[in-house]
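Here the numbering used here is used: the first residue of the sequence shown is 19, the next is one more, and so on. Yeah, the Cβ is synthetic: ideal placement off N, Cα and C, and Gly gets one too. Reading through the structure tokens given below for one structure.
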Amino acid sequence: MSAHAHDHDTGQPLLPVEEARRRVLDAVAPLPPRRLSLRDAHGCVLAEDVAAPGDLPPFTSSAMDGFAVRAADVAGATIDAPTPLRIVGRVAMGRASGVAVGPGEAVAVPTGGVIPEGADAVVPIERCVVDGDLVRVLQGEPPGRHVRRAGEDARRGERLVPRGRRLLAGEVGLLASAGIADVAVHPRARVLVVSTGDELVEPGEATGPGRIPDANSLTLHGQIVEAGAIPVPAGIVPDDADALLEALAAHRQRADVFVSSGGVSVGERDPVKRAFRARSDVRFVEVAMQPGKPQAFGTVHGRPFFGLPGNPVSVFVSFEVFVRPALMAMMGRPPDRPEVTATLESDIGGPPEKTRFARVRVRREDGRWTASSTGGRQSNLLSTVARANGLAVIPPGVAVARAGEPCRVMLFRDADEVPS
19 MSAHAHDHDT GQPLLPVEEA RRRVLDAVAP LPPRRLSLRD AHGCVLAEDV AAPGDLPPFT
79 SSAMDGFAVR AADVAGATID APTPLRIVGR VAMGRASGVA VGPGEAVAVP TGGVIPEGAD
139 AVVPIERCVV DGDLVRVLQG EPPGRHVRRA GEDARRGERL VPRGRRLLAG EVGLLASAGI
199 ADVAVHPRAR VLVVSTGDEL VEPGEATGPG RIPDANSLTL HGQIVEAGAI PVPAGIVPDD
259 ADALLEALAA HRQRADVFVS SGGVSVGERD PVKRAFRARS DVRFVEVAMQ PGKPQAFGTV
319 HGRPFFGLPG NPVSVFVSFE VFVRPALMAM MGRPPDRPEV TATLESDIGG PPEKTRFARV
379 RVRREDGRWT ASSTGGRQSN LLSTVARANG LAVIPPGVAV ARAGEPCRVM LFRDADEVPS
């Protein structure tokens, strides 16, 4: 879309979505690394290569309950002609073997127990018959059978997890098995959430004429958690610029990012505009998108600040298009949602000078993706989000995306998680 596109209703120039998103991503950087325990680091991106401090596993152990033996001693053992071996000891879990296996000897060993010196195989207990101080082996085992060698998972100094990898269950388990307790990661971003508006009350409080529950802060709370970041609720502030500035200042040590909703349009009482209109580090723009045209972005107290519109669907879409990618980049993760190409099941219209983000329900049917609209395009219809699992992206220049045509869809739920 040309940077000189204009709003159909106001005639004002509009900033293309791609340019607005580029400005945001260019202005943020990964958060400085912090050392966190493995429990706290789960889900974070590793900021350094992590090498094995020792061999993994650290000692040679048994993979079965049975008897540690010399393979050569039992090579000819059969059910009809079992090989008798003298039991010379038993390995206790959590201790060194304390015994060696010589010719004609065996040592009882549990799964995970240390293989005693001299043994090179384990005969499972079900292939043995114990007779006093003897064990009769009913089937031979080749060298190395049922033996877990020290260092077979990783050698000392070998890289276990590379820098830039997100730590999920497998990575955390591997590091824990190597005895590593904490790692340097890009931490979860802490996101201060402020709702502005004299009309707002907390959900559950009495409303009355002109008073509505604050849905935006809870919507943002959920989106922040789903992005892997940490929401920091700051509550509702009235339509007062000083109150907004005080809220941001009061919580600045608890946050890496500020997000407000409401107060960024052209109204005389819009608190975000009045709070920052004299500052050069916060810009107010009209973005060529629907919903979510009015946006503010800049730096406050050295932290990224996002001023989102007040309508609830505009808040949801603005977060997905601008805030979530920024948070992901700050946490060292790829910024983009997964996307599919789906066939539209109905026409989707709108102002052709804007990129439209239509709420759709995506399904996989007969080997292809289909997308159906979940309702009208008005920015107050939050039910259209609750029924959807994706945003169909209708590019500028397309007045109507027709049923049967392919369309790019950003997924904000798992593709198989289709609300009923």
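For a cut-off of 8 Å, the C-beta gap from Arg377 to Ala406 is around 4 Å, short enough to register as a contact. Distance from the Cα of Ser79 is smallest, within the candidate group Thr129, Ala38, Pro413 and Glu217, for Thr129. The beta carbon of Ser364 is closer than 8 Å to those of Ser390, Ser391 and Ala421 in its chain, skipping five residues each way along the sequence. Contact annotation: Ile143 and Val165 have beta-carbon atoms that are not nearer than 8 Å. Fewer than three Cβ pairs drawn from the region 34-43 and the region 266-274 lie within less than 8 Å of each other, which leaves the two stretches out of contact. A straight line joining the alpha-carbon of Arg272 with that of Arg321 spans about 11 Å. Residue pairing for Ile105: DSSP places it in a beta bridge opposite Ala124. Between Pro71 and Ile198, the alpha-carbon positions lie close to 8 Å from each other.
The three-state secondary structure of Gly385, taken from DSSP, is coil. Checking the DSSP bridge columns, you'll see Met307 partnered with Thr373. Under the three-state reduction of DSSP, Ser364 is assigned to coil, being neither helix nor strand. Pairing Leu193 with His204, the inter-Cα distance amounts to about 17 Å.
DSSP places Ala172 within a strand segment (E or B) once states are collapsed to three.
When DSSP reads this structure, Gln313 sits in a beta bridge with Val303.
Contact check between the region 100-108 and the region 119-128: three or more CB pairs, one atom from each, fall below 8 Å, which counts as touching. With 16 or more other CB atoms across the displayed protein chains lying within 10 angstroms of its CB, Ser213 is buried. Between Pro370 and Pro414 the beta-carbon gap is near 6 Å, inside 8 Å, which marks them as a contact. In the structure shown, Ala90 falls within a helical segment according to DSSP collapsed to helix, strand and coil.
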